[in-house]
Amino acid sequence: MTTVAQRPGAKPATMAQALQRALRDAMAEDPAVHVMGEDVGTLGGVFRITDGLAAEFGDERCTDTPLAEAGILGTAVGMAMYGLRPVVEMQFDAFAYPSFEQLVSHVAKMRNRTGGAMPMPLTIRIPYGGGIGGVEHHSDSSEAYYMATPGLHVYTPATVEDAYGMLRAAIASDDPVVFLEPKRLYWSKAPWSPDAPAAVEPAGRAVVRRPGSSATLITYGPSLPVCLEAAEAARAEGWDLEVVDLRSLVPFDDETVVRSVRRTGRAVVVHESTGFGGPGGEIAARVSERCFHHLEAPVLRVAGFDIPYPPPMQERHHLPGVDRVLDAVARLQWEAES
Amino acid sequence: MTTVAQRPGAKPATMAQALQRALRDAMAEDPAVHVMGEDVGTLGGVFRITDGLAAEFGDERCTDTPLAEAGILGTAVGMAMYGLRPVVEMQFDAFAYPSFEQLVSHVAKMRNRTGGAMPMPLTIRIPYGGGIGGVEHHSDSSEAYYMATPGLHVYTPATVEDAYGMLRAAIASDDPVVFLEPKRLYWSKAPWSPDAPAAVEPAGRAVVRRPGSSATLITYGPSLPVCLEAAEAARAEGWDLEVVDLRSLVPFDDETVVRSVRRTGRAVVVHESTGFGGPGGEIAARVSERCFHHLEAPVLRVAGFDIPYPPPMQERHHLPGVDRVLDAVARLQWEAES
Amino acid sequence: MKKSSTPVRDPARKTPPADAADRAPAPAPPPWQVATDPAPLLPDERPFRVLGTPAEAAADPALLLRLYADLVRGRRFNTQATALTRQGRLAVYPSSAGQEACEVAAAAVLADRDWLFPSYRDSLAAVARGVDPVEALTLLRGDRHTGYDPYRYRVAPLSTPLATQLPHAVGLAHAARIKGDDVVALALVGDGGTSEGDFHEAMNFAAVWRAPVVFLVQNNGFAISVPLAKQSAAPTLAHKAVGYGMPGRLVDGNDVAAVHTVLDEALRRARTGGGPTLVEAVTYRVDAHTNADDATRYRDDEEVEAWRAYDPVRLLEAALRGRGLLDDGEVARVAADAEDMAARLRERMNTDPVLDPMDLFAQVYAERTDQLEEQARLLRAELDAEAGAAGTSGREDAR
Amino acid sequence: MKKSSTPVRDPARKTPPADAADRAPAPAPPPWQVATDPAPLLPDERPFRVLGTPAEAAADPALLLRLYADLVRGRRFNTQATALTRQGRLAVYPSSAGQEACEVAAAAVLADRDWLFPSYRDSLAAVARGVDPVEALTLLRGDRHTGYDPYRYRVAPLSTPLATQLPHAVGLAHAARIKGDDVVALALVGDGGTSEGDFHEAMNFAAVWRAPVVFLVQNNGFAISVPLAKQSAAPTLAHKAVGYGMPGRLVDGNDVAAVHTVLDEALRRARTGGGPTLVEAVTYRVDAHTNADDATRYRDDEEVEAWRAYDPVRLLEAALRGRGLLDDGEVARVAADAEDMAARLRERMNTDPVLDPMDLFAQVYAERTDQLEEQARLLRAELDAEAGAAGTSGREDAR
Ligand SMILES: Cc1ncc(C[n+]2csc(CCOP(=O)(O)OP(=O)(O)O)c2C)c(N)n1
Ligand SMILES: Cc1ncc(C[n+]2csc(CCOP(=O)(O)OP(=O)(O)O)c2C)c(N)n1
Ligand SMILES: [Mg+2]
Ligand SMILES: [Mg+2]
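Residue numbers (the numbering used here), protein chains in the order written: chain A, 757 to 1094; chain B, 757 to 1094; chain C, 2 to 400; chain D, 2 to 400.
This is how it looks when you write it as structure tokens:
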């Protein structure tokens, strides 16, 4: 577990600003860093994360590509082969799918299939998840696909500071990182000191966002605020919930998670991705196996339903909210203990 | 749970023959059934599963397409829109990836996004898994991707009789079915009576292939023979293992699985797909949750390692074999009971 | 070996017969020939026009008048939908203002039995084909994905993943031909969409299968902020046709009569076994990408103004007035009719749709899985609890 | 409106000036022009040839002799590799017999600093470029995926997923240009591979970026069993170039001098900022798809025989003999040299590679994850147990 200290002199910033700053700092530090994608140049991206980069670093460092995701990722592979560090933006989660073959058959495997000769220092930024009222194909939680693909790292920040630090870590990594940005947290604000921002070190570790003793909520990305809110609300019921933010799905920080659950004896995995075959299965399975003798109740999962992402007017019924999390906590067989 | 009775008059047949027969019978019965893919026509497919179909039903019913998987699946979607029942062959597991966007964004969602007006009676046959000495990209176990995609059914037969019956069920289904054919079982033989072959009814149910009382091996597809062999070998150690063949990953037959594990109190999930983020996570998680008070030991997983599929000369170290299964069984905390 | 063979087509490049006399006999190459004559596949040298050209005289006045009314209604639909976004009645609207000639011609040219495959920007084309406007807008209002029955209107769902609808159109056309039905599919795509692999694969399947399908590329100059020059280096997008062995056509996308003519010919060719055609309509998106977009970030007002001046509605109006086919009275009548349509739409969009949250579990599969049943029970319980707390029923307003 | 505007290029299709006199002034269209002149992009009318044509006289004898030796070695490599499959020393071999002219010209034409992007059939091209033959064959022997260091030879890994290597070549060439290096990428793909979306996207990116990359399509008539006619309806595959705005070239793929000439020109254009070129080489796969394939299922012996007769090696040999550049002695010397190469290869392939199962966990990531450490321990324990049981060490022969 890594603790993230609050830096002095912090001012409110949004996650979008932190991400933008991370890209700018990385580009300024290393001329090998190239940003590319649809509308990332003149427009600054549809979420404005790349705003100003083309103006500052030129079109060749921040490039509006043709509209073709396999081409974007495929050419980025070639650029990485020649020593660049491409940072690719996929416009939305579902629009990364055309690049799936390049991702699975090349990006993820290139280091391994060349015996280490040809690493892939690529970052693939994907705005993901729902909660922003997007029309269909704009709200997928696609992390299960990436988790199931050996060779990829999968990071997803949930705080402003992590957005900066983890993106810097991703770009600095010599391995490909699928960097999942929770869309609905883009405009979340937190005090943040952009004067001395730093990469998260070591990357790939979970963090306890809220210590507690009754049960552990294991979560990441867009569901972290939900869990923190649920933990606050749970106090009224007499539950003192610990909240673990995974931050990295691959590699997975078993140590932090297991330590927490062994102590609390109860756990709920919370994410908005669909439940069946989703990340929660892996997480619950490993926790159940590793904490078997410490568990007072089965590890439960609160997830999006096993349905195509619904239309915006229905999404609030689909997304795991505070009540659904609390209902799950209530099902953790509290009687069994007393 | 469905029991599969041995039919009288059975002669030895291979899984490949049973699959071919299923296609032929389906095409003969319903003129809407169209087979399409790379080399499925004149050549009869690289595994010869479609052998003879073009000769019997003509090029238009069994079509050699251009070499473009997204185009194959995308045009199949259009054909299904017009009332046909396309049966698509993807040549190998990894070569289905170019069609991923069509699969996830259209095939899986079309029924839902049109409020039921536009169902997708498509079957997508994918030879999958390793063990045949294939070069890279020819041995992927890609079922985790499909399981994580609501709207798809995911079937995988492990026996000759199921190969026929489940493929017929898939083609008859009004929903899209990803039909995963275990390559290394294509030439497996079993007594089978092709005179009165029938679709598996109801589809989507698991089956107990071997009753036992000490622990349950939960498996499917290419790993079924491994588990049956392990169960035989386990007798020497005094373990009487039950083997459940899932047959359908989506929908998932909780009932059969849970009934078995509640009775045995111990379970190992066995598959050759990579472990992390693989199917076993979902399965172990649901079993752990549903059988919590019946479990004597944590649900263990025996899976392929979390690596890109290795070169043929190394694959036997990667694939879960009998010994690895037995080692896992040995770790099921037998002392705890006695 | 140093002799240059420049890439231009020149007679020196043709293989001359081997001068066999003074050397050992060389093996002879097996026969080879081009699969198709490329010349007829090459598109028009500049965008084909009807209005303001001699071809105009031959145009059917009744058709032109119908297209005029469609254009005026189409424009009104665009302005109304954009207004609805400001009123919070639509979540988002990708306007086709400036492109109405393409949208309405695509709808008007089809026979009833034909199919239209629109992209996300083409709700107007769907509406012009007859889809109920409220049903066409549910996607953008946010209450349901596809609000209409595709089979009722023979309009495929509006496709948001770009170019993915193109292979669908090919497959449907191919299936119709197999079944012996006289059905053509018309598929719409943007200039940006031509860069996607699915565009390529669809074009190729269509040509190889000689499927009765027509592709209409609305080249409106931009893919969100990305101008055509960053999207393609082709002479024109219509030139892509040659590489598939199908004819390419280039048409003025603001000249509704020209778009109609070119599509009509292409459909006729498709119907008579002539296979697919790629049509590029040169037009312009005068509004921003969507109401949420700020187009000033990536283009000059001047360019926009030049295109606003070359307005498809005014272009046809001028032509009709010039020929004495249209007078102030008719113009007013058509405008009033469009105004009526807009008023009805406004009114119907003014009420919140009533949605049942339990519909989340409908039509994921033909039959609900056990897992979905379980999840439906969970949601039902949540809704009951909420209703109990609020003293209302589970059914509710969506906003 | 009924006036036909046929799809052929004809003067009536050019937009005449509006006859403005007797009608209301119509809005004027904004300026429009083609992005590139399409004429120079069109490919040769028939496959460009050097051997047996007047162009042959200008060919550099030293280069021709070098290519001859390469061809003979190339053929021998193919026959040797096929023989190794029969001896169980290679798991599978997709032979390029009949296509050696393309394979060796692609290697010979590149400068040392350039990059080659081969597909799964192109181990010969990799070997001709200098990759150690055993290292090039590990993929097909089955002991490791890519047996050579791509940076040492500037040869990308042999790519099995078809056409996926093409965007890599574009990206690498683009990166080299950005860095100011004089490096060109040459990417190989088959006729079947041109149908994939990745082909399209790579071509388009290359043209838009004017990347220094050359695409060589080896049109060998088949994609496994599927003949070109079921793959494409284009006049030629080279015609696809037009739709991207790059020049297309058509060349006789069995004429090694012609392939070399055309590639050399294309590379020169790429080096001097002229952007990419698409080259289609017309050739034939005289062997089956792989040793495991039965080609009689889908093609006639006659066709194969016609192509066997038009053999690239014999074609060059006849030309060289005809010009007095080659005699029996030199032919024998070259043959003996190829035989040596084959003997060395046979011998080196005759020993089983020694593999360490623990390598499974190497280079999945730069650093092993905790999960992989755990799995490595599991395998280690298994191997130790096995070794204990067998009384041997954990290291082992792979077969
Ligand atoms: C596969 C895919 N990638 C990205 C997007 C995001 N996106 C939506 S519209 C658009 C631009 C489309 O441009 P064009 O094809 O020219 O159509 P237009 O918007 O001009 O009608 C983009 C990139 C998408 N919808 N689908
Ligand atoms: C994406 C993908 N789909 C399918 C295959 C299976 N496959 C291997 S070779 C081949 C035919 C290739 O034909 P072509 O591109 O003409 O190359 P050739 O074999 O003639 O050299 C096919 C379909 C593959 N390797 N990759
Ligand atoms: Mg556009
Ligand atoms: Mg070929």
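Where a beta carbon is used, it is the ideal one built from N, C-alpha and C, also for glycine.
With the criterion set as a beta carbon lying under 7 Å from some beta carbon of chain C, the members of the segment 925-953 of chain B are 930 and 931, in sequence order.
It is roughly 21 Å from the alpha-carbon of residue 1076(A) to the alpha-carbon of residue 962(A).
The nearest non-hydrogen atom of ligand 2 is less than 7 Å from the C-beta of residue 290(D). Listed by position in the chain, the residues whose beta carbon lies within less than 7 Å of some heavy atom of ligand 4 are 191(D), 192(D), 193(D), 219(D), 220(D), 221(D), 222(D), 223(D), 224(D) and 286(D). Between the segment 1055-1071 of chain B and the segment 858-877 of chain A, the count of Cβ pairs shorter than 8 Å is three or higher; the stretches touch. Here the distance from the Cβ of residue 162(D) to the nearest heavy atom of ligand 2 is below 7 Å. Sequence-distant Cβ neighbours of residue 1029(B) in its own chain, meaning closer than 7 Å and more than five residues away, are 897, 899, 900, 1035, 1059 and 1060. Residue 167(C) places its beta carbon 8 Å or farther from that of residue 223(C). Given a length threshold of 3 residues, each whole run of the beta strand (DSSP E) inside the segment 1053-1086 of chain B is given here in chain order: 1056-1060.
The CB of residue 144(D) comes closer than 7 Å to the CB of 1067 and 1069 in chain B, given here in chain order.
Secondary structure in the segment 106-176 of chain D: the beta strand (DSSP E) runs of 3 residues or longer, each lying completely within the stretch, are 116-118 in chain order. Taking 7 Å as the cut-off, one finds no heavy atom of ligand 2 near enough to the beta carbon of residue 858(A). With a threshold of 8 Å between beta carbons, residue 141(C) makes no contact with chain D.
Its chain contains 101, 104, 105, 125 and 129 as the residues whose beta carbon lies nearer than 7 Å to that of residue 75(C), once the 5 sequence neighbours on both sides are disregarded; these appear in chain order. With a 10 Å radius around the Cβ and a threshold of 16 neighbouring Cβ atoms, residue 241(D) comes out buried.
Using a Cβ distance threshold of 8 Å, residue 799(A) and residue 842(A) do not count as a contacting pair. The alpha-carbon of residue 214(C) is positioned some 24 Å away from that of residue 232(C). The way I'd put it, the segment 987-998 of chain A does touch the segment 964-976 of chain A; three or more beta-carbon pairs between them come closer than 8 Å. Under the 8 Å criterion on CB atoms, residue 880(A) is classed as non-interfacial with respect to chain B. Residue state for residue 210(C) is assigned as helix, using DSSP reduced to three classes. Of the residues assessed, residue 221(D) falls on the buried side of the cut-off, its CB having 16 or more other CB atoms within 10 angstroms. Annotation for residue 391(D): no residue places its beta carbon closer than 7 Å to its own, counting only its chain and skipping 5 residues before and after. The CB of residue 857(A) comes closer than 7 Å to the CB of 162 and 165 in chain D, given here in chain order.
In the three-state reduction of the DSSP assignment, residue 308(C) falls in the helix class.
Any Cβ of chain A closer than 8 Å to the Cβ of residue 92(C) would place that residue at the interface, and such an atom is present. At a cut-off of 8 Å between C-beta atoms, residue 816(B) counts as an interface residue with respect to chain C. Residue 846(B) has its alpha-carbon roughly 7 Å from the corresponding atom of residue 825(B).
Counting of Cβ neighbours within 10 angstroms places residue 88(C) among the exposed residues, the total staying below 16. Residue 314(D) sits close to residue 72(D), with the two beta carbons spaced by under 8 Å. Note on the segment 306-363 of chain D: there is no whole beta strand (DSSP E) run with a minimum of 3 residues.
Contact of residue 799(B) with chain D is assigned, a C-beta pair being separated by under 8 Å. Chain D has no Cβ within less than 8 Å of the Cβ of residue 829(B). Taken atom to atom, the span from the alpha-carbon of residue 212(D) to that of residue 49(D) is near 24 Å. Put simply, the CB of residue 861(A) is near chain B, with a gap under 8 Å to one of its CB atoms. Distance from the CA atom of residue 311(D) to the CA atom of residue 823(B), rounded to whole angstroms, is 27 Å. With the criterion set as a beta carbon lying under 8 Å from some beta carbon of chain B, the segment 349-361 of chain C has no members that meet it.
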